[in-house]
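**Q** Residue numbering for the sequence shown follows UniProt numbering, starting at 1 and increasing by one per position.
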Amino acid sequence: MGANHSHGHGHGHGHLTGAGRHRGRLAGVLAITGGVMILQFAGALISDSVALLADVGHMLTDTAGVALALVAITLAGRPATPRWTFGLARAEILAAAVNAAVLFGLGAYVLYEAVTRLTLARPPEIAAGSMLVFGAIGLVGNLLSMLLLVRVRGESLNMRGAFLEVATDALTSLGVITAALVAWLTGFTRADSIVAVLIGLLIVPRALRLLYSAVNVLLEATPAHIDLDEVRAHIMGVPHVRGVHDLHAWTLTSGMAVLTAHVVVEEECFADGHAPQMLDALQECLSGHFDLRHSTFQLEPPAHVQHEQPAHA
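1. Which residue or residues does DSSP assign as beta-bridge partners of M256?
2. Residues in the same chain with beta-carbon distance under 7 Å from A101, minus the five sequence neighbours each way, listed in chain order, please.
3. Quick check: the Cα distance between I93 and V110, rounded to an integer number of angstroms?
4. Please classify M236: is it buried, with 16 or more other beta-carbons within 10 angstroms of its beta-carbon, or exposed?
5. On a Cα-Cα basis, can you pick out the residue from L219, A233, R153 and R160 that is closest to H289?
6. How far does the alpha helix (DSSP H) with E268 in it extend, from its first residue to its last?
7. Are the region 44 to 63 and the region 126 to 135 in contact at 8 Å, needing three or more beta carbon pairs?
8. According to DSSP, simplified to helix, strand and coil, what is F134?
9. By alpha-carbon positions, which one of L45, L282, L68 and G57 ends up nearest to L30?
10. Within 10 angstroms of the Cβ of L120, are there 16 or more other Cβ atoms? Answer buried if so, exposed if not.
11. Does DSSP put G237 in a helix, a strand or coil?
12. What does V244 pair with, by DSSP beta-bridge criteria?
13. What first and last residue would you give for the beta strand (DSSP E) that runs through F86?
14. Which first and last residues belong to the alpha helix (DSSP H) in which L218 is found?
15. Can you give the Cα-Cα distance for A97 and V215, rounded to whole angstroms?
16. Between W250 and A221, which are expected to be in contact by the criterion C-beta below 8 Å, what is the C-beta distance as a whole number of angstroms?
17. Thinking C-alpha only, which one of P82, A64 and L88 is nearest L75?
18. Within the region 96 to 154, note down every full alpha helix (DSSP H) run reaching 4 residues or more, in order along the chain.
19. From residue 319 to D192, what does the alpha carbon distance come to, in whole angstroms?
20. Whose C-alpha, out of H304, I32 and A303, is nearest the C-alpha of A162?
21. Just to confirm my understanding: we take I126, look at its own chain, exclude 5 residues before and 5 after, and list those with CB closer than 7 Å. What are they?
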């Protein structure tokens, strides 16, 4: 008796994700961060600066993260198959999760190395002049990357993660420059380790927030912008609807929320052929209030509840 219908704004899944629409920007950021990372690594070896080394490590994470995001975008753009019915769109979220986990590990290492140096009776000597030059190179590179990403940072987790990392790198480069100036002008070389601690404290919570967002998607939590009680109320407000259950919403990938629901409608909707109009009414009800790229409704007569599995919301 039930009618299982998928209804939404188009049924193909070969669309560009939020990050996919700006692949060129990510490629530009990859070129900048990769080049600056190589230069700063040479600078860290020359100056023996842990703060500059921390900045290099963060740049390495940026470079790897953006490269991973570009690979994920390529996978996400592939069409759906019988095995991968939504395509590989969620590869973008996996990339964000890996990126966040690596970033967290980097922050923890920076904190450990910096605190270890602070406990030494005589901290290592650093080449403040070289540190200053390479810190400035890093700052310029990060500012260029931020200009590429600032207008599109809210369109996906990977775009947000990429912008977050280059913005954090810009701050860490400022910290490196500050530590270099202090060490150069006053001889207080512990400024290098102090700045490295600040960089670590800046990296860790941001990595955890990005990881939290990615894990929420992977665990199929209800999207933050969707209130299921409100969705249920909108569906119940459609004429001829008698009930709603098995209501679920989750995020497939950035910018693509998915919703499914079993909707109990009056018996006569099936007898008089009114079911297709009910689907249109349900879709119109939700499309104007919620950002849903794909929704599936199963229409059921009241008597069908006896065949439903228990304990479904």
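Idealized CB from N, CA, C, for every residue including glycine.
Note that this is a predicted model, so its numbers are computed, not measured.
**A** Quick answer:
1. T253
2. L211
3. 26 Å
4. exposed
5. A233
6. E268 to A271
7. yes
8. helix
9. L68
10. exposed
11. coil
12. V263
13. T85 to L88
14. R190 to L218
15. 7 Å
16. 7 Å
17. L88
18. 128 to 149
19. For the chain, the structure presents residues 1 to 313; residue 319 sits outside this window and is missing.
20. I32
21. S47, D48, S49, A183, T189 and D192
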